[in-house]
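Numbering (our numbering), first residue to last: 2 to 276. Even for Gly, the Cβ is constructed at its ideal location relative to N, Cα and C. Notes follow the structure.
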Ligand code: RET
């Protein structure tokens, strides 16, 4: 029979759904973002200053490297001022043993602005390395596209709602990363020998430094964004250290070596500068 308002409402549910758990930025994370913003601005100024007495035709690495830290300054300004961020909600993991499995969600703050930064700066970093190693345009282009696919996959992974979406995109990103290493590190190791011992030694150390550092990013992503095993602040701190090494420290190393090693010069042709 059709229920009427006089019928018993039925048993009261015994499991009260847990509200979503929020993981978000704290004071430490906030301060860290502002500090890195300041460091990126200072580095940009310093790199621009380093190119002062260098003729335009020899300023290729200076221009690329300064654009990298300028882009990072913009992205850190955006993140520090509370922009370019959203909450990504996923079903809670069973590692929260103290909570009955009632299917609550975990909403973690994601700074998607990072991925916009990486989509611009990682291709520029690869360009620095490719030019240094004398890698041809074809391999450079393939590496850059694989790299953009890697970063966009990371962005999609961070916004995914199901495990398939998140870990699927993550896996696609990791495969793309292997192509980047293949085209730049392995291929570059072969082409750089034509540029002499000095450049070969510089490229080997810079490429090793780069790919050891870069490999930390997917590991951090897996632990922090994938498995939610760290706080948002810890994630911000780790990425801050990695970003400072991958951008200002990489840039200092490259530009100072370039200054004392004439063979690092690239013949960039007439479009770049008229002599
Ligand atoms: C993601 C997740 C998907 C799989 C892989 C990733 C790699 C990211 C890397 C980022 C490098 C950033 C740098 C920033 C500069 O400061 C997107 C985390 C492989 C390698 C160097």
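Given residue i, which residues of its chain have a CB within under 6 Å of its CB, disregarding the five upstream and five downstream residues?
{"i": "residue 236", "result": "225"}
{"i": "residue 22", "result": "107"}
{"i": "residue 35", "result": "81"}
{"i": "residue 1", "result": "Because the chain is modelled from 2 through 276, residue 1 falls outside the range shown and cannot be assessed."}
In the DSSP output, which residue or residues are listed as bridge partners for residue i?
{"i": "residue 109", "result": "24 and 89"}
What's the gap between the Cα of residue i and the Cα of residue j?
{"i": "residue 47", "j": "residue 93", "result": "45 Å"}
{"i": "residue 244", "j": "residue 189", "result": "23 Å"}
{"i": "residue 105", "j": "residue 91", "result": "9 Å"}
{"i": "residue 1", "j": "residue 19", "result": "Residue 1 lies beyond the stretch modelled for the chain, which goes from 2 to 276, so this question has no answer here."}
{"i": "residue 69", "j": "residue 125", "result": "7 Å"}
{"i": "residue 117", "j": "residue 56", "result": "31 Å"}
{"i": "residue 248", "j": "residue 168", "result": "28 Å"}
{"i": "residue 49", "j": "residue 71", "result": "10 Å"}
{"i": "residue 162", "j": "residue 84", "result": "21 Å"}
{"i": "residue 196", "j": "residue 111", "result": "43 Å"}
{"i": "residue 51", "j": "residue 265", "result": "16 Å"}
{"i": "residue 128", "j": "residue 165", "result": "33 Å"}
{"i": "residue 114", "j": "residue 270", "result": "35 Å"}
{"i": "residue 12", "j": "residue 31", "result": "47 Å"}
Considering Cα atoms alone, identify which of the options is closest to residue i.
{"i": "residue 119", "options": "218, 188 and 131", "result": "218"}
{"i": "residue 275", "options": "59, 24 and 30", "result": "59"}
{"i": "residue 87", "options": "69, 123 and 26", "result": "26"}
{"i": "residue 250", "options": "222, 228 and 211", "result": "211"}
{"i": "residue 63", "options": "264, 272 and 257", "result": "257"}
{"i": "residue 54", "options": "11, 266, 260 and 164", "result": "260"}
{"i": "residue 254", "options": "238, 222 and 205", "result": "205"}
{"i": "residue 199", "options": "110, 29 and 262", "result": "262"}
{"i": "residue 109", "options": "13, 229 and 78", "result": "229"}
{"i": "residue 29", "options": "273, 239 and 181", "result": "239"}
{"i": "residue 77", "options": "155, 187 and 241", "result": "241"}
{"i": "residue 66", "options": "130, 186, 32 and 113", "result": "130"}
{"i": "residue 213", "options": "203, 79 and 246", "result": "246"}
Considering only residues of the same chain and omitting the five flanking positions on each side of residue i, which have a CB-CB separation below 7 Å?
{"i": "residue 175", "result": "219"}
{"i": "residue 74", "result": "38, 41, 42 and 45"}
{"i": "residue 150", "result": "177"}
{"i": "residue 232", "result": "24"}
Keeping to the same chain, check which residues put their C-beta closer than 8 Å to that of residue i; ignore five residues upstream and five downstream.
{"i": "residue 184", "result": "136, 140, 141, 143, 144 and 147"}
{"i": "residue 191", "result": "none"}
{"i": "residue 152", "result": "116, 119, 120, 123 and 174"}
{"i": "residue 171", "result": "154, 155, 158, 219, 222, 223 and 227"}
{"i": "residue 194", "result": "201"}
Since residue i is in the alpha helix (DSSP H), which residue starts that stretch and which ends it?
{"i": "residue 149", "result": "138-160"}
{"i": "residue 191", "result": "188-192"}
{"i": "residue 275", "result": "Neither: residue 275 is in no alpha helix (DSSP H) and is coded neither H nor E."}
{"i": "residue 219", "result": "198-222"}
{"i": "residue 268", "result": "Taken as a continuous stretch (DSSP letters only), residue 268 belongs to no alpha helix (DSSP H), as it is neither H nor E."}
{"i": "residue 124", "result": "114-134"}
{"i": "residue 237", "result": "233-245"}
{"i": "residue 260", "result": "251-261"}
{"i": "residue 170", "result": "164-181"}
Kindly say whether residue i, judged by its beta-carbon, lies nearer than 9 Å to any beta-carbon of chain D.
{"i": "residue 18", "result": "Absence of chain D from the displayed structure is noted, only one protein chain being present."}
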